[in-house]
Structures are given as structure tokens and as C-alpha cells.
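Enquirer: So the sequences go chain by chain: A and B.
Quick note: the first sequence, position 92, residue 92 per our numbering, numbers continuous.
Numbering-wise, our numbering comes out as the position in the second sequence, counting from 1, plus 1000.
The following block contains the structure, expressed as C-alpha cells.
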Amino acid sequence: MKHLRSIGELGRDGLEQLLESATHMAEINRRPIPKVPALRGKTVVSLFYEDSTRTRLSFETAAKRLSAETMTFSVSTSSVSKGESLRDTIETISQMGAHCFVVRHKSSGVPWQIAQWTNASIINAGDGAHQHPTQAIVDCFTVRQAIDQPFFNGVNVTIVGDIKHSRVARSNIEAFTMLGARVTVVAPPTLLPSQIGHWPVTVVHSFDEVIASTDVLYMLRLQSERMDQGLIPSLSEYGSQFGLTMERAQRLQSSAVVMHPGPMNRGVEMHVDPSDLPQSRIHQQVENGISVRMAVLFDVLARDGELQQLHEEVSA
Amino acid sequence: MNQEQKRSSNRMALSGPDVQRAISRIAHEIVERNHGAHNVVLVGLQRGGTWIADALAERIYAIEPELTVPNGSLDVSMHRDDIGIRPIVPGAISDISFDINGAIVVLVDDVLYTGRTVRAALEALNNFGRPQSVQLAVIVDRGHRELPIRPDFVGKNLPTQMGDEVVVSDSGVVVTSEVSS
């Protein structure tokens, strides 16, 4: 594949291939020296127009473990503050020999737009409230590991929180259902998108109703500005209805899996400390993030990179 | 294989029992060369070399029953030098669960051809430690080396054409050649 911009574009075969390849990368990460020369001579640019800790570091670590060069573009110290346009920025960096852009931007669709301005591959690290495909692949990988089966038929996934503004929810719902899971979303009506009726999910407004039958519990981060927008009455009110409290945690099945994409709001959606929760896989999510992003970078930059270019040259 | 346009011929270069005898002889040679097996570890190259490493470990145990030789596997796809030139799919997962520092590592593969896989394996081994020495055991050496690499233990030297395909299994060694019609 040339780009990874959305789960839909990736498709079920692509998703399975990446999950398979990530198990291979996970072995490399367990070696005494976790570094291979596979992407020597390739340059990966991380271009984050929005703040991020784990996604950016995870991509950069992944690139380094595959021996790619990394360039980090920091918006606040760049010419963007002098008014440089996105297009000029992309074209400038492309001229420096970038093979891949890892992009995060507050606007949906930016990864598709950028792809028109450069020959480099584009990996979407989050665009607006649209997609965050690598997070979804990480989460599928983590569930696979936790339940020890490759497909999720018969697995009940419950996603709780701000579905409306969450790119993680969109990508994860697509990916989980691709692998056979039944997805239920739990949220106040104000935090559900208007098109939710067209999504392959069951909508429930009461967390307590579904907690005991949940196999995979996915907590989303609540951004505090949602309160200022009047979408929730108060953070504590939201927490009592939709937070993972100790009482709710005790009703979870012992075999359940609890995940959170981070960063966590303790006392809002997470009232229990994950380290007190035996079902928590939040640390594994972070660890798996590196293996999965290595698989993505390798696929985009090596697997059939030059063949693809050859195809394009032939068909041009 | 496109059977309609190209005719191909198969020939059995070694029978199943021949392969087993070769493995037995190599097992003896490994023990002889290293004055016993106490510091020897086997590493089969994924995927063709792993079953041979398993068989060698069994034979060495039969010769020197006082110890079990550690036996692992190594996938070298991330260390190849043709990444991006041809599609490479990470094949299998490496499994070296023992310390190779100071050990005599015997790399085991089915066919030695250009030597590029072995070069990649030597590089990959560096990530696991620094062996005392590395030796190479193969069932078939088919020639056409592109690198200064030679095997220490060989089942059979088998002259081939570059386009030939050599398949090693426990039921024998089959060479498939394309015949121009």
C-alpha cells in the first residue's frame, strides 16, 4: 500500500496483513538490540499540527527501530508561524527527500489533500474527528493478544464516551467490526453523531446496562471543552454516568479487556487506577503501538514501494 | 508455475533416506569439529532450515546424550539487502530463547545459493549477542555465490542452473529446471 489514511481504505485484507506483520515486529522489539536495517536510507517526517505525545514518539521509535531517518516538524518553531501554507510546507519538506509523512491535523481530510502535493507516502496519525487508523490497528492487535484469537466473532465491544468528536471511535468501530466484533456505543445523546443510525453499532445510553456483558471495554477521553460547549452538564455528572468507577469495574467479567487510547482524564472517564485493574491492557496498547507502527512503516515504505512506483511509471 | 508456456523437468537429486543420512553425517561432523557439543547452539533459518535444525538437534542428542543442544530459529527478512527491490513479507517469527554470547552458533539452512540470506543472518545474529564463532550447515550447496561465504558442513554439492528451483524436504531433494522447447 502507498498510504495509510483510513481503515476503510486499508480494508480487511490489509488490516489482517498488518496485524500479522506486527507480530513479527513485536519479536524484533523483544531482542536484546531491537533494531533492524530494513528501512535504511528512507526518511520519515512527522508533521504534527496538533499536540501528541504517544503517537508521535511511537512513530519515531518505530522508524528508528527500522533504521529509517526521522525528521520532526514542530509547528510552533516552524515557518508556519510566519504564515507558510500547508502546501508550501509539504512541498519544501518533499524537496528535502522525505519518503513518508506522518501527519496529524485538526482538519478532516488533510492526509488526502497532502497526497496530491507530494510523491511521498502519507500515514494519517489523526485528522480532525475523522480517522486515526494506526490507533485502531494497535487496538485490534491488543485485543487479539488479550483474547488469543485472530477474529472477534462473538466478542462484545463497548465503546464509551464522546463518540461524536472521536476519530478513534470512528476508526475502531470500522476495524473491530471488520474482524467480526459486535460493537455497542455508550454516550449521552449530545455526544453521538447525527448519522449514528448508519453506523454498524448498537446505541445504548446507560453504561450499567451493558457493563456485565462486555468483553472489550473501550473508554474514550472526554475533552473538557465539551462542557463549555454545553454538551454535558458537568464533568462530575458525566463521570458518574459514563465514567469507569470502582463499582462498575467490579461488575466487569474477569476475562474482560479494558482499553483507553490516552491521555486519560483521571476522575472524569477513569475513576479507577488502571494499575489496580487486572483487566487493563492500557500499557500493552502503548507497547504494541511501536510494533504496529513498525509494520505500517515497513508496509508503506518497503513491501512494494518501488514496485508501486514502477507501476505508476508504466501507467503514466 | 506456468505449465503451458514453459515445460519444466524434475529430477530427484537426493532421496528421502539420502537426506536423512546427510543430516546424520553433518551431526557427527558438528560434534567432531567442535570437540563435543557442549558449547554448540543451533539456529535454523526460517523457513526452510528449521526442520533440519530440529533433526540435527535430535541426532546430536543421540550422539552426545549427556546434554541437549539449544535450538532456535531466525527470520532474516528485515535484514535482507533486497528490501524494496522485490516484495518482502516477514515470514515467520524468530525464536532464540537462549544466550548466544560466547557460544558456537551453527546456522542451518536447506539450500545455499547466492549467500545473501546467510549474510542477512550473520547481521541479524549481532542483535542477539556476540557468538564465539558461527558455522554454516546446509543440505544442498547449489553454487552461484554472490558473496564470500562458504559452508562448513554440506549434505551435497549440487551443480545447478541459475533459473533452477531446488526444493529440500524430508522426502528428498528435487531440482526443477525449465526446458526450452
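A virtual CB, placed ideally from N, CA and C, is assigned to each residue, including glycine.
Computed from a prediction, not measured in an experiment: that's the story for all the values here.
Decide if the region 133 to 142 of chain A is in contact with the region 164 to 183 of chain A; the criterion is three or more beta carbon pairs, one per stretch, under 8 angstroms apart.
Expert: Contact between the region 133 to 142 of chain A and the region 164 to 183 of chain A is present, because at least three Cβ pairs lie under 8 angstroms.
Enquirer: Just mark Gly1102 of chain B as buried or exposed, buried being the case when its beta carbon has 16 or more other beta carbons within 10 Å.
Expert: Gly1102 of chain B comes out exposed.
Enquirer: Name, please, each residue of chain B whose Cβ falls closer than 7 angstroms to the Cβ of Arg367 of chain A.
Expert: Outside the displayed span of chain A (1 to 316) sits residue 367 of chain A, for which this structure offers no information.
Enquirer: Count the other C-beta atoms from every protein chain shown that fall within 10 angstroms of the C-beta of Glu60 of chain A, then say buried if there are 16 or more, exposed otherwise.
Expert: Burial call: buried.
Enquirer: Measure the C-alpha to C-alpha separation of Asp208 of chain A and Met259 of chain A and round it to an integer number of angstroms.
Expert: Each residue's Cα considered, the two are about 18 angstroms apart.
Enquirer: Quick check on Ala120 of chain A: buried or exposed, where buried means 16 or more other Cβ atoms within 10 Å of its Cβ?
Expert: Looking at its Cβ environment, which holds 16 or more other Cβ atoms inside 10 Å, Ala120 of chain A is buried.
Enquirer: Output the distance between the C-alpha atoms of Glu91 of chain A and Glu269 of chain A, rounded to the nearest integer angstrom.
Expert: Their backbone Cα atoms lie some 41 angstroms apart in a straight line.
Enquirer: Name the DSSP bridge partner or partners of Val216 of chain A?
Expert: According to DSSP, Val216 of chain A bridges with A:Val157 and A:Val257.
Enquirer: Counting only beta-carbon atoms, is His1079 of chain B nearer than 8 angstroms to chain A?
Expert: Yes, contact with chain A.
Enquirer: With distance defined between alpha-carbon atoms, name the residue in A:Ser94, A:Ser275, A:His132 and A:Val160 nearest to Thr118 of chain A.
Expert: Checked all of A:Ser94, A:Ser275, A:His132 and A:Val160; the closest Cα to Thr118 of chain A is A:Ser94.
Enquirer: Decide if Gln131 of chain A is buried, meaning its Cβ has at least 16 other Cβ atoms within 10 Å, or exposed.
Expert: Label assigned to Gln131 of chain A: buried.
Enquirer: Check whether the Cβ of Asp1082 of chain B lies closer than 8 angstroms to any Cβ atom in chain A.
Expert: Judged by the 8 angstroms Cβ criterion, Asp1082 of chain B is not in contact with chain A.
Enquirer: Can you name the residues of chain A whose CB is closer than 8 angstroms to the CB of Ile1093 of chain B?
Expert: Within 8 angstroms Cβ-Cβ: Thr23, His24 and Glu27.
Enquirer: The region 144 to 170 of chain A: which residues have C-beta closer than 9 angstroms to a C-beta of chain B, in chain order?
Expert: Flagged: no residues at all.
Enquirer: Can you check DSSP and say which residues form a bridge with Ala1137 of chain B?
Expert: The partner list for Ala1137 of chain B (beta bridge, DSSP) reads B:Val1108 and B:Phe1153.
Enquirer: First and last residue of the beta strand (DSSP E) that includes Glu69 of chain A?
Expert: Per DSSP, Glu69 of chain A belongs to the beta strand (DSSP E) from Glu69 to Ser74.
Enquirer: Are the region 1130 to 1150 of chain B and the region 1102 to 1115 of chain B in contact at 8 angstroms, needing three or more beta carbon pairs?
Expert: The region 1130 to 1150 of chain B, when compared against the region 1102 to 1115 of chain B, does touch it at the 8 angstroms Cβ threshold.
Enquirer: I'd like the span of the alpha helix (DSSP H) that includes Met356 of chain A, first residue to last.
Expert: Examination of residue 356 of chain A is not possible in this model, given that chain A is present from 1 through 316 alone.
Enquirer: For Met25 of chain A, which residues of its own chain have a beta-carbon under 7 angstroms away from its beta-carbon, when the five flanking residues on both sides are left out?
Expert: Cβ neighbours of Met25 of chain A beyond the five flanking positions: Ser291, Met294 and Ala295.
Enquirer: On the DSSP letters alone, give me the boundaries of the beta strand (DSSP E) that Met1012 of chain B sits inside.
Expert: Start and end: Arg1007 to Ser1015.
Enquirer: How should Leu1147 of chain B be labelled, buried or exposed, when 16 other C-beta atoms within 10 angstroms of its C-beta is the threshold for buried?
Expert: Exposed: under 16 other Cβ atoms inside 10 Å.
Enquirer: As a quick exercise: from A:Ala115, A:Asp215, A:Val80 and A:Leu66, pick the residue whose alpha carbon is nearest that of Val155 of chain A.
Expert: When only C-alpha atoms are compared, the closest one is A:Asp215.
Enquirer: With which residues is Glu1165 of chain B paired in a DSSP beta bridge?
Expert: Note: Glu1165 of chain B sits in a beta bridge opposite B:Thr1176.
Enquirer: Could you check whether Val1105 of chain B and Ile1060 of chain B sit closer than 8 angstroms to each other, using their CB atoms as the reference points?
Expert: No, the pair does not count as a contact, with Cβ atoms beyond the cut-off.
Enquirer: Can you pull the chain A residues whose beta carbon is under 9 angstroms from the beta carbon of Ile1139 of chain B, in chain order?
Expert: The premise fails here: Ile1139 of chain B is roughly 26 angstroms from chain A at the closest Cβ pair, so nothing lies under 9 angstroms.
Enquirer: Run down chain B in chain order and give the residues with a C-beta less than 8 angstroms from the C-beta of Lys35 of chain A.
Expert: Ordered by position in chain B, the residues that pass the 8 angstroms Cβ test against Lys35 of chain A are Asn1127.
Enquirer: Does Pro1090 of chain B come within less than 8 angstroms of chain A when only Cβ atoms are used?
Expert: Answer yes: the Cβ-Cβ gap between Pro1090 of chain B and chain A drops below 8 angstroms somewhere.
Enquirer: Below 8 angstroms on the Cβ atoms is my contact criterion, and I expect Asn153 of chain A with Leu4 of chain A to pass it. Report the Cβ-Cβ distance as a whole number of Å.
Expert: So it is not a contact: roughly 25 angstroms between Cβ atoms.
Enquirer: Quick check on the DSSP output: what are the complete alpha helix (DSSP H) runs of length 4 or more inside the region 1056 to 1080 of chain B, in order along the chain?
Expert: Qualifying alpha helix (DSSP H) stretches: none in this window.
Enquirer: Mind the definition here: the region 14 to 24 of chain A touches the region 48 to 64 of chain A only if three or more C-beta pairs lie below 8 angstroms; say whether that holds.
Expert: Verdict: no, contact absent.
Enquirer: So, at 7 angstroms on beta carbons, what are the nonlocal neighbours of Phe151 of chain A in its own chain, with the 5 sequence-adjacent residues on each side left out?
Expert: These residues qualify, in order along the chain: Leu179 and Gly180.
Enquirer: Report yes if the C-beta distance between Ala1092 of chain B and Arg1047 of chain B is below 8 angstroms; otherwise report no.
Expert: Yes; because the gap between Cβ atoms is below 8 angstroms, this pair is in contact.
Enquirer: Can you look up Phe151 of chain A in the DSSP assignment and give me helix, strand or coil?
Expert: Three-state result, Phe151 of chain A: coil.
Enquirer: Expressed to the nearest angstrom, what Euclidean distance is found between the alpha-carbon atoms of Leu220 of chain A and Gly262 of chain A?
Expert: Spanning the two alpha carbons is a distance of roughly 8 angstroms.
Enquirer: Using a Cβ-Cβ cut-off of 6 angstroms (strictly less than) and excluding sequence neighbours within five positions of Thr245 of chain A, which residues of its own chain qualify?
Expert: Taken in chain order, the residues that qualify are His271.
Enquirer: Can you name the residues that DSSP bridges to Ile282 of chain A?
Expert: The partner list for Ile282 of chain A (beta bridge, DSSP) is empty, contrary to what the question assumes.
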